[in-house]
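J.:
In UniProt numbering, the protein residues as written are 1 to 310.
(1) What number of angstroms, rounded off, separates the C-alpha of residue 180 from the C-alpha of residue 172?
(2) Do residue 139 and residue 113 have their C-beta atoms closer together than 8 angstroms?
(3) Please name the residue, chosen from 98, 230, 155 and 94, that lies closest to residue 82 on a Cα-to-Cα basis.
(4) Are the beta-carbon atoms of residue 196 and residue 218 separated by less than 8 angstroms?
(5) Is the stretch 53-66 in contact with the stretch 112-128, if contact means three or more CB pairs nearer than 8 angstroms?
(6) Could you tell me which uninterrupted alpha helix (DSSP H) segments, each at least 4 residues in length, are contained entirely in the stretch 91-142, listed from first to last along the chain?
(7) Answer yes if the stretch 74-94 comes into contact with the stretch 27-35, meaning at least three C-beta pairs across the two stretches below 8 angstroms, and no otherwise.
(8) Grab me the residues of residue 289's own chain with a C-beta within less than 6 angstroms of its C-beta, minus the 5 sequence neighbours each way, in chain order.
(9) Got a sec? Which residues, its chain only, sit under 8 angstroms from residue 225 by beta carbon, not counting five neighbours each side?
(10) Run through the UniProt domain "Type II secretion system protein GspF" (165-289) for me and flag every whole alpha helix (DSSP H) of 4 or more residues, listed as ranges in chain order.
(11) So, under 8 angstroms CB-CB, residue 150 and residue 65 are touching, yes? Tell me the CB distance rounded to an integer number of Å.
(12) Look up residue 10 in the DSSP assignment and say whether it is helix, strand or coil.
(13) Between residue 230 and residue 251, how many whole angstroms is the CB-CB distance? I'm expecting something under 8 angstroms.
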């Protein structure tokens, strides 16, 4: 009798293992089938922005800030809604941030800073009394500084990419290709923000938005002087009937000159920084090293340093 029970248990475990194996194989097959269907039915969008793993994680994390949006809109010190809207437009709405989510994010980060400072106060870390006040302020103000800096860098990157973009567009337009078709062919090969801005411009044209309004939205979304000069030249050229290829060629030459000036300006700004580092770090370190060797030589009386340490 006991033998039959053992055989029954073994057979039950065997059938259970086979069942689990079949379920696992079915799950894997189902996942692969879904991937194949997705690849076959997916529509290729050349203007789609590639999202990194870091951006996906932060986007999901920032969604928790929506619960604090009402508080953030009331506590709007140095972050009025119209200012936040402008910063987000210039920064390209990173991590799918909206005005409401950004207002909640600064409160969310301030609360996290308060919690970190409170934990430090409980376990009695050094300067924890200051940290419990300083960390929430850093969480609030740091968020505003971050979006301003991101907007500034994006506009600088837009200005930096324009000369190469204009040269490519000028050659393509001189070959007889239309403006919209040239943008569709060229823009996907450029990185953000040129790809993002002109890709959105083409999408607005495709849905029926008048070209003049599409140009105006480009001007509204960006404050780069070089980019605004290009868009205004396109508007004026379209109004006066000037060939677009000539407009792009002239703008490319102007942008090259501006790019050289930008590089010279950055080099001029870097020189004082190098001098500052040399003055306050390299020079004192060299003096300390030389002085230390002289003192060691005086006390060692021409003996080996290793003998002095014995």
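Where a beta carbon is used, it is the ideal one built from N, C-alpha and C, also for glycine. Just so you know, these numbers come straight off a predicted model, no measurement behind them.
T.: Let's see:
(1) As a working note, residue 180 is residue 180 in the chain shown. As a working note, residue 172 is residue 172 in the chain shown. Their backbone Cα atoms lie some 11 angstroms apart in a straight line.
(2) Start at 1 with the first residue of the chain shown, and residue 139 comes out as number 139. Start at 1 with the first residue of the chain shown, and residue 113 comes out as number 113. For residue 139 and residue 113, yes; Cβs fall inside 8 angstroms.
(3) Here residue 82 is taken as the residue at index 82 of the chain shown, counted from 1. Of 98, 230, 155 and 94, the residue nearest in Cα terms is 98.
(4) The residue you call residue 196 lines up with position 196 of the chain shown. The residue you call residue 218 lines up with position 218 of the chain shown. No, these two residues do not count as a Cβ contact at 8 angstroms.
(5) no
(6) 99-122
(7) In short, these stretches do not touch, since the Cβ pair count stays below three.
(8) Position 289 of the chain shown, counted from the first residue, corresponds to residue 289. Excluding sequence neighbours, residue 289 sits near nothing in its chain.
(9) Reading the chain shown from its first residue, position 225 is the one you call residue 225. Counting only Cβ-Cβ distances below 8 angstroms, and skipping sequence neighbours, we find 159.
(10) Under the rule that a run must span 4 or more residues, the alpha helix (DSSP H) segments found entirely inside the UniProt domain "Type II secretion system protein GspF" (165-289) read 179-186, 194-206, 211-221, 225-240 and 244-277.
(11) Taking the first residue of the chain shown as position 1, residue 150 is located at position 150. Taking the first residue of the chain shown as position 1, residue 65 is located at position 65. Going by Cβ atoms, the distance from residue 150 to residue 65 rounds to 16 angstroms, so no, they are not a contact pair.
(12) Against the chain shown, residue 10 aligns to sequence position 10. Residue state, collapsed to three classes: helix.
(13) Here residue 230 is taken as the residue at index 230 of the chain shown, counted from 1. Here residue 251 is taken as the residue at index 251 of the chain shown, counted from 1. The pair is a contact, with the Cβ atoms about 5 angstroms apart (cut-off 8 angstroms).
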